[in-house]
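Residue numbering for the sequence shown follows our numbering, starting at 64 and increasing by one per position.
The beta-carbon is built from N, C-alpha and C at its ideal position, and this holds for glycine as well.
Keep in mind it's a predicted model, so treat the numbers as computed, not measured.
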Amino acid sequence: MKYLFINSMSRTGTSLLYQLLYGHSAIYFAPYRIQFVCEQPFGFPLLEWGDKDAFLDMLIHKTTIVVSDGAWPNIRTDTLANFKHITKDDLIIGDNALDSAIRTIHHILGIDILQAAYYCLHDDHSYMLGSKAFLNYECKILTTIRNPIEMIASKKNMLVMYVYGRKNPKDFLLSKEMIQKELLRAYFSWWAASYENEHCFCVLYSLLKNSATSLECMKKIASYLGIAFEQSLATDSNFLQKNELHNELLANGTNLSTIEYLSKGSLKQKIDGSTLSLSTEEFNVINNIIHAAAFDRYADIGYFFKHFASFHTYEYIADETLKTWQELYKGGEMKKLFEHYSALNYGRANAESAFEPFGGGQS
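Below, the structure written as structure tokens:
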């Protein structure tokens with residue numbers, strides 16, 4: 064089997080792409096996630112074996128599976144290290160480090176590797192490894208990107224949920240620092256995807272969610288992968304068997320799950336969620352940093368597929384941090400790049416610092 068890698072930034076529609084692909088007869092979907100990037104050692108096991116004596120221990124601490132059923136966001140994941148008792152005899156040696164990792168995980172979980180044209184793996188932010196890490200293997204790469212403003216709104220929704228619970232995002236105000244940092248990260252995901260365009264197939268989240276363009280996008284993906292177009296590619300609705308192991312992207316659902324949760328079910332379908340979450344003040348901060356119109360035109364499917372490859376040749380944000388990232392990426396200094404990039408991230412651990420004091424008091 065060839066590998067099919069989904070290597071996108073988080074909040075860009077990876078879950079939606081995964082769910083649209085899920086069920087296709089030519090793709091085997093790994094029922095786990097190896098955290099190639101966000102857990103140490105960086106890039107393991109894509110880049111190298113690391114310490115061979117510690118291979119199994121590193122692998123089980125970097126691999127997560129869904130360990131509880133229930134409605135989102137109460138689904139819980141855990142590492143293989145905490146899943147069951149594992150011994151050195153559980154290590155299965157394959158043709159290379161990644162093959163060994165996959166065979167070992169399947170052995171531990173007690174499930175067969177079913178034959179298909181592609182074996183699908185994903186990890187958020189793994190585009191930071193650069194295409195060479197993936198192209199060491201016989202593979203195809205799918206990268207999702209999304210309008211940066213929508214990404215800010217999506218990140219805000221998640222952070223509100225972490226800090227304030229089931230509240231209206233417009234009742235809280237993101238700090239200018241947070242917006243600037245997350246915009247840099249979002250913009251960089253566009254730059255890298257465009258820079259690697261000859262190796263990656265890139266799609267806009269809005270194009271996938273919009274029923275008028277989703278079908279055309281999925282047909283292009285099927286053509287890119289060299290697989291038949293099956294009806295499963297036309298829907299993101301998937302029935303998951305209880306007590307069956309599956310990837311957390313299937314369990315967690317798309318960004319729309321967050322919107323529906325925070326709105327207590329009143330909002331179920333919305334392509335552009337930014338107006339539901341961001342205040343006028345936040346939009347003003349964004350527009351002082353980046354011109355939204357530069358990205359809006361890519362929402363046209365014809366324009367996107369014709370012009371996206373040249374996106375990286377233009378400068379939409381003049382920022383020294385961004386220039387440093389670009390030089391590190393071009394120079395292959397991926398570990399150093401990720402250290403810079405992740406230092407600007409806002410997640411569960413530092414969610415409170417993403418907001419102005421007292422939540423901004425928006426009404």
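Rounded separation between residue i and residue j - CA only
i: Ser78; j: Lys115; result: 33 Å
i: Leu246; j: Lys151; result: 44 Å
i: Gly113; j: Val266; result: 33 Å
i: Leu83; j: Gly157; result: 30 Å
i: Leu434; j: Asp175; result: With the chain covering only 64 through 426, there is no way to say anything about residue 434.
i: Lys65; j: Asn306; result: 28 Å
i: Phe371; j: Ser257; result: 6 Å
i: Gly395; j: Ala160; result: 21 Å
i: Leu110; j: Thr126; result: 16 Å
i: Ser416; j: Leu222; result: 10 Å
i: His148; j: Leu172; result: 11 Å
i: Ser217; j: Ser163; result: 36 Å
i: Ser300; j: Leu271; result: 14 Å
i: Glu344; j: Trp254; result: 27 Å
i: Ile380; j: Leu184; result: 32 Å
i: Gly76; j: Leu385; result: 23 Å
i: Lys230; j: Lys239; result: 21 Å
i: Ile334; j: Asn273; result: Bear in mind that a pLDDT of 48 at Ile334, under 50, signals an unreliable position, so the model cannot answer this.
i: Tyr200; j: Ser73; result: 23 Å
i: Leu198; j: Leu192; result: 11 Å
i: Leu89; j: Lys398; result: Looking at the sequence shown, residue 89 is not Leu but Ala. The straight-line gap from Cα to Cα measures roughly 33 Å.
i: Leu119; j: Thr140; result: 19 Å
Range covered by the beta strand (DSSP E) that runs through residue i
i: Leu267; result: Cys263 to Leu267
i: Tyr379; result: Run containing Tyr379: none; DSSP gives neither H nor E here.
i: Thr142; result: Thr140 to Thr142
i: Tyr182; result: Tyr181 to His185
i: Tyr361; result: Where Tyr361 is concerned, there is no enclosing beta strand (DSSP E), given that its DSSP letter is neither H nor E.
i: Lys203; result: Cys202 to Ile208
i: Tyr91; result: Ile90 to Phe92
Selection from the options that minimises the alpha carbon distance to residue i
i: Tyr392; options: Glu261, Ser194 and Ile128; result: Ser194
i: Ile276; options: Phe368, Lys230 and Leu198; result: Strictly speaking, residue 276 in this sequence is Thr, with Ile absent from that position. Among Phe368, Lys230 and Leu198, the Cα nearest to that of Thr276 belongs to Phe368.
i: His354; options: Ile212, Ser131 and Ala179; result: Ile212
i: Asn347; options: Leu278, Thr298, Lys398 and Leu237; result: Leu237
i: Ala180; options: Phe92, Ser373, Tyr377 and Lys272; result: Phe92
i: His87; options: Arg139, Glu293 and His169; result: Glu293
i: Asn408; options: Arg360, His188, Gln178 and Asp120; result: His188
i: Leu122; options: Asn413, His169 and Lys398; result: His169
i: His403; options: Gly410, Ala412 and Thr387; result: Thr387
First and last residue of the uninterrupted alpha helix (DSSP H) at residue i
i: His403; result: Met397 to Ser405
i: Lys65; result: Unbroken run through Lys65 is the beta strand (DSSP E), Lys65 to Ile69; no alpha helix (DSSP H).
i: Val129; result: Run containing Val129: none in the alpha helix (DSSP H); it sits in the beta strand (DSSP E), Thr126 to Val129.
i: Leu247; result: Lys239 to Tyr258
i: Phe346; result: Thr343 to Ile352
i: Ile215; result: Pro211 to Tyr227
i: Phe197; result: Ser194 to Leu198
Proximity test, residue i beta-carbon vs the ligand SAH heavy atom, cut-off 7 Å
i: Gly395; result: Looking for the ligand SAH in the displayed structure turns up nothing, as the structure carries no ligands at all.
Integer Cβ distance of residue i from residue j, believed to fall under 8 Å
i: Ser269; j: Ala362; result: 5 Å
i: Tyr95; j: Leu312; result: Rounded, the Cβ-Cβ distance is 11 Å, inconsistent with contact.
i: Asp186; j: Gln98; result: 6 Å
Cβ pair count under 8 Å reaching 3, the segment 234-245 against the segment 104-113 | Under the Cβ criterion (8 Å, minimum of three pairs), the segment 234-245 does not count as touching the segment 104-113.
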